[in-house]
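Visitor:
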Amino acid sequence: MLYAKSNPVETLREHTDELLKQMNMLREYYGTNINSINFLKKDKFWQLLDFVIEFHDIGKAFSPFQKLIRSRMYIETNESKIVTHLENNIGHNYLSPAFIDYSCIDRSKDRELRAVLNQVIVYHHERDTFIDKDFRNLIQKILDEDLINKVYELQHEFKVRYPIRTEQLSKEYLQSVIKRIDKNHKYYHLYIMLKGILHRLDHSASAHEVVECNSVINIEEHTENYLMKEFGSLREAQSFTKSNRDKNIILIASTGIGKTETALIWIDKDKAFFTLPLRVSINALFDRTKNIAGLEKSNDTFLGLLHSTAIDYLEESNQEDSNEIVDLAKLLSCKLTFSTIDQIFKFPFLYRGYEKVYSTLAYSKVVIDEIQAYSPEIAAVLVKGIEMIHKIGGKFMIMTATMPTIYIDELRKRGVMNSNIAKSTYNTKKIRHCIAIVKNSIDENLEKIIQSGMNKKVLVIVNTVKSAVEKYESIEEIVKSKGIDINVNLLHSMYIQEDRAKLEKYIKEFTSSNSKGIWITTQLVEASLDIDFDELHTENSTLDSLFQRFGRCYRSREYKENSPNIFIYTEKATGIGSIYDKDIVEKGLELLKASIKNKEFFKITEDDKVEMVDKLYSKESLEKTDFQEKFNRALNILDTITPYSLGSDEAQSILRNIEAYTVIPEDIYNKIEETLIKDYKDLGQELTEAYSNEDRQLIHEIKYKRKKVRREIVKKSVNIPKYKAKQNIVDIDVKGLEDLKILLYKYDIHENEHTKQIFGKGVLIDKEIDQII
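According to this note's numbering, the residues represented by the sequence shown are 133 to 905, in order.
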């Protein structure tokens, strides 16, 4: 018997049949979408996919591989012992095409098509293998001395469904896989679809999960029913997307017009991916959509959550089947997946295995929310990704409060802005913001801010963590010296994960309560939290960033007072030139000043905001700025990148744009060293013993426990830029925790003994710990 897997035991025929079963499921659910892709001949495509599935693992007949599989099986067989002089030093994927008789699938002897089939099979596992003369000679030796003897087993035990070579096996097929297929190849998109879908089918079959989950659900129907029940009708923007469900959409809309529901209506009955900049926004959207779909108490897994801490959020939310939701999301199997862009939009880097995501997007819809919130480099990745999605047949919706003109121009240049795109703007007519430009710094106005905080919910947003901590300390000092009783809180990115999650919960509870007081934050609240303050004091930044900040004040309420509720401070603003492009900040301020003229303050409409961003990010305005240079340089890199030069993790780290360490502050590490860290070490030793005893069941159990402990450890960590960490880090000498570091800065956090709420300054960058760990 020929085996494919050892745990659980699975024959080669069983594994292959599982892929075929998954293929038929995919064809049933999304065959219409896939068949409509104009470069695919529908019957031929499914025939070719069936063909590569049948042959993809046939190289596992290799005797050393079969010997290894049997040694790992936990069941006894009565089969004779495998004797071989060869080593298991060649991946089965490099051997499988040797058996192919192309005449049954390609009578025209199309060499380019045969190269596609060979590469789909050879690279369904991406390995760093150099196909040189020695490698080819080794392959021929294996074919001559081993695989030629497997013909009977393949025909009578595996029961191969196509004719195979039986007389002589040749390594010649390797010649067609040396030069990788790229976008200039005649059958490039066919290759993407075959290879990408084969990856997905193989991964789903190996994980014993379905390739497509709950595919019959109509998201538009659920959403429209919800809206009719709640509001009695669709809003204008929602009617617009409903009538343009077959088109790509660019929707510019202000807060409060029901953007989420608008996107869900556009998604209709299709498979979709919904991307946002920040994890906390995605978590909130996941919960909101569950409510819209009537799944608050259901464990239905048609909604997926895909980001680095998804499992933690789901488990803390007591979500049933949280592991299954994350597993299905990773397999891209959910009907609708909410994701950060680093999970989905890394395919433009053409990393090894990128076809899996790219082929899925070919028959899906993707929503890109808040494109203006990304850096110019990340925006370039999104623009390139949109171009690629458009070319392969997928559909996209860009949904944003303001859309930089430079992105529209680039999409037009790349042929995306064609007749199949619908663009519209829907802004509330409510006046929500009255702006004052203050020609001094926040520090000079702290007493005024404190006075406001006695009677209102006041939000202070600054550009750096250092500035946030300084403002917090200064306000604390003032209220203490004057004996003022006021609620003052701080939130920024330099808290460990579990503390930051608590603080984010507190700020949301604060704005939905009758409490008064002050919250000092950084730009992390711009697009991540559904909060609504009465007054905003902010350091100057770029216009799009400022307008995002405005959205945290009078979020959907109309502002009728004849006095400012937004104060922009132009002096001593931090982060200008490092976090924010100096030219863009200055040009934006000029646009604001032109609107305010010589008045003390002015009321700004949502249309004003869109118009200003259009002007700011026009080609003329951006001429020779760092922003334009970064955007163009990133696009040039993506346009000329060498395919398969990066691994998936490398592509993801570029997208996350993080030159950072994941660290546990030393104060926190000391508290968990004898608990969580010790538990993790002990489980590691138990795992080693289980491996030596070849106890598969115990291995699985320990791995699961160890993973859970690691997640608890990671909750005690924070990401810190390398330049801030300097040399104040040490390694954690524990196998499995090598990617974490110990940070030798003090960590400030306290708990209110009455309310049990936490408060404090987080990582204190300027307070180093001298001791050596």
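Beta carbons are placed, not taken as given, at the ideal position from N, Cα and C, and that holds for glycine. Computed from a predicted model, the values in this text were never measured in an experiment.
Can you tell which of D314, L748, R828 has the C-alpha that lies nearest to the C-alpha of P480?
Guide: By 1-based counting over the sequence shown, the position of residue 480 is 348. Among D314, L748, R828, the Cα nearest to that of P480 is on D314.
Visitor: Would you say Y358 faces chain C, with C-beta separation under 9 angstroms as the test?
Guide: In the structure shown, chain C cannot be found, because there is only a single protein chain.
Visitor: Determine which residues share a DSSP beta bridge with Y483 and list them.
Guide: Start at 1 with the first residue of the sequence shown, and residue 483 comes out as number 351. Paired residue(s): none; Y483 is not in a bridge.
Visitor: Using C-beta distances below 7 angstroms, list every residue in its chain close to D238, excluding the 5 sequence neighbours before and after it, in chain order.
Guide: Walking along the sequence shown from the start, residue 238 turns up at place 106. Around D238: L245, R246.
Visitor: Between S308 and the rest of its own chain, which residues show a CB-CB distance below 8 angstroms, the 5 nearest in sequence each way excluded?
Guide: Taking the sequence shown and counting its residues from 1, one reaches residue 308 at position 176. Once the five neighbours on either side are set aside, the close Cβ partners of S308 are R243, R246, A247, N250, Q251.
Visitor: Grab me the residues of D739's own chain with a C-beta within less than 6 angstroms of its C-beta, minus the 5 sequence neighbours each way, in chain order.
Guide: Counted from its first residue, the sequence shown places residue 739 at position 607. N559.
Visitor: Give the single residue among D863, L134, G779, Q629 whose Cα lies nearest to the Cα of G485.
Guide: As a first step, residue 485 is located in the sequence shown; it is residue number 353 there, counting from the start. With distances taken between Cα atoms, G485 lies closest to G779.
Visitor: Relative to the C-alpha of N165, which candidate in V611, S471, D402, I582 has its C-alpha closest?
Guide: By one-based count along the sequence shown, residue 165 stands at place 33. For the residues V611, S471, D402, I582, the minimum Cα distance to N165 belongs to D402.
Visitor: Does the region 666-686 come within contact of the region 579-598, defined as at least 3 CB pairs closer than 8 angstroms?
Guide: Judged by Cβ distances under 8 angstroms, the region 666-686 makes contact with the region 579-598, as three or more pairs qualify.
Visitor: Closest by CA to N225, which one among I190, T643, S203, E219?
Guide: Numbered from 1 along the sequence shown, position 93 holds the residue referred to as residue 225. Comparing Cα positions, the closest option is I190.
Visitor: Hey, how far is the Cα of D617 from the Cα of G868?
Guide: Counting from one through the sequence shown, the residue named residue 617 turns up at place 485. Counting from one through the sequence shown, the residue named residue 868 turns up at place 736. Going by the C-alpha atoms only, they are around 48 angstroms apart.
Visitor: Look up F891 in the DSSP assignment and say whether it is helix, strand or coil.
Guide: The residue given as residue 891 occupies position 759 in the sequence shown. The answer is strand: DSSP assigns F891 an E or B state.
Visitor: Mapping the DSSP letters down to three states, classify S584 as helix, strand or coil.
Guide: Residue 584 sits at position 452 when you count from the first residue of the sequence shown. In this structure, S584 counts as helix in the three-state DSSP scheme.
Visitor: Can you give me the start and stop residues for the alpha helix (DSSP H) that A395 sits inside?
Guide: Counting from one through the sequence shown, the residue named residue 395 turns up at place 263. 391-399 is the extent of the alpha helix (DSSP H) around A395.
Visitor: Would you mind listing the beta strand (DSSP E) stretches within the region 498-541 that are 3+ residues and don't spill past its ends, in chain order?
Guide: The region 498-541 contains these whole beta strand (DSSP E) runs: 527-532.
Visitor: How would you write the range of the beta strand (DSSP E) that V590 sits in, first residue to last?
Guide: Taking the sequence shown and counting its residues from 1, one reaches residue 590 at position 458. From DSSP, the beta strand (DSSP E) with V590 extends over 589-593.
Visitor: Looking at C-alpha atoms only, which residue of I581, R687, L675, I650 is the closest neighbour of R564?
Guide: In the sequence shown, counting from the first residue as 1, residue 564 sits at position 432. If we check each option's Cα against that of R564, R687 comes out closest.
Visitor: Between the alpha carbons of H439 and Q629, how many angstroms are there, rounded?
Guide: Position 307 of the sequence shown, counted from the first residue, corresponds to residue 439. Position 497 of the sequence shown, counted from the first residue, corresponds to residue 629. Spanning the two alpha carbons is a distance of roughly 14 angstroms.
Visitor: From N170 to K527, what distance separates their C-alpha atoms?
Guide: Along the sequence shown, one-based indexing puts residue 170 at 38. Along the sequence shown, one-based indexing puts residue 527 at 395. Their backbone Cα atoms lie some 14 angstroms apart in a straight line.
Visitor: Answer yes if the region 146-158 comes into contact with the region 213-233, meaning at least three C-beta pairs across the two stretches below 8 angstroms, and no otherwise.
Guide: Judged by Cβ distances under 8 angstroms, the region 213-233 makes no contact with the region 146-158, as fewer than three pairs qualify.
Visitor: Using a threshold of 9 angstroms, state whether the C-beta atoms of A533 and I384 are closer than that.
Guide: Sequence index remark: in the sequence shown, residue 533 carries index 401 (1-based). Sequence index remark: in the sequence shown, residue 384 carries index 252 (1-based). Cβ distance < 9 angstroms, so A533 and I384 count as in contact.
Visitor: With three or more beta-carbon pairs closer than 8 angstroms as the criterion, would you say the region 395-414 touches the region 577-584?
Guide: Contact between the region 395-414 and the region 577-584 is absent, because fewer than three Cβ pairs lie under 8 angstroms.
Visitor: In this structure, does DSSP put G436 in helix, strand or coil?
Guide: Position 304 of the sequence shown holds residue 436. Reduced to three states, the DSSP call for G436 is strand.
Visitor: Let me check understanding here. Comparing Cα to Cα, which of R159, D175, S386 lies closest to V742?
Guide: Counted from its first residue, the sequence shown places residue 742 at position 610. Comparing Cα-Cα distances from V742 to each of R159, D175, S386, the minimum goes to S386.
Visitor: Ordered along the chain, which non-local residues of its own chain (more than five positions away) have a Cβ less than 6 angstroms from that of N350?
Guide: Position 218 of the sequence shown holds residue 350. Closer than 6 angstroms at the Cβ level, and outside the excluded window around N350, lie K401.
Visitor: May I have the straight-line CA-CA distance separating M325 from T492, to the nearest angstrom?
Guide: Along the sequence shown, read from residue 1 onward, the residue named residue 325 stands at position 193. Along the sequence shown, read from residue 1 onward, the residue named residue 492 stands at position 360. Cα-Cα distance, rounded: 8 angstroms.
Visitor: Measure the alpha-carbon distance for S645 versus S551 and round it to whole angstroms.
Guide: As a working mapping, residue 645 is identified with position 513 in the sequence shown. As a working mapping, residue 551 is identified with position 419 in the sequence shown. Whole-angstrom Cα-Cα distance: 48 angstroms.
Visitor: Rounded to whole angstroms, what is the Cα-Cα separation between E752 and I716?
Guide: One-based indexing of the sequence shown puts residue 752 at position 620. One-based indexing of the sequence shown puts residue 716 at position 584. Roughly 12 angstroms between the two C-alpha positions.
Visitor: Between the alpha carbons of L819 and N825, how many angstroms are there, rounded?
Guide: Mapped onto the sequence shown, residue 819 falls at position 687. Mapped onto the sequence shown, residue 825 falls at position 693. Cα to Cα, L819 sits roughly 10 angstroms from N825.
Visitor: Which one or two residues does DSSP pair with K878 in a beta bridge?
Guide: Looking up residue 878 in the sequence shown gives position 746. Paired residues: L896.
Visitor: Between which two residues does the beta strand (DSSP E) carrying E667 extend?
Guide: Your numbering for residue 667 matches position 535 in the sequence shown. 667-671 is the extent of the beta strand (DSSP E) around E667.
Visitor: Helix, strand or coil: how does DSSP classify I905 here?
Guide: In the sequence shown, residue 905 corresponds to position 773, counting from 1. Any reading at I905 must be qualified, since the residue scores a pLDDT of 31, below 50, and its modelled position is unreliable; the value itself is stated next. Coil at I905, not helix or strand.
Visitor: The beta strand (DSSP E) with G649 in it runs from where to where?
Guide: Taking the sequence shown and counting its residues from 1, one reaches residue 649 at position 517. Looking at the DSSP string, the run of the beta strand (DSSP E) that includes G649 is 649-653.
Visitor: Rounded to a whole number of angstroms, what is the C-alpha to C-alpha distance between V620 and I650?
Guide: Here residue 620 refers to the residue found at position 488 when the sequence shown is read from its first residue. Here residue 650 refers to the residue found at position 518 when the sequence shown is read from its first residue. Each residue's alpha carbon lies about 5 angstroms from the other.
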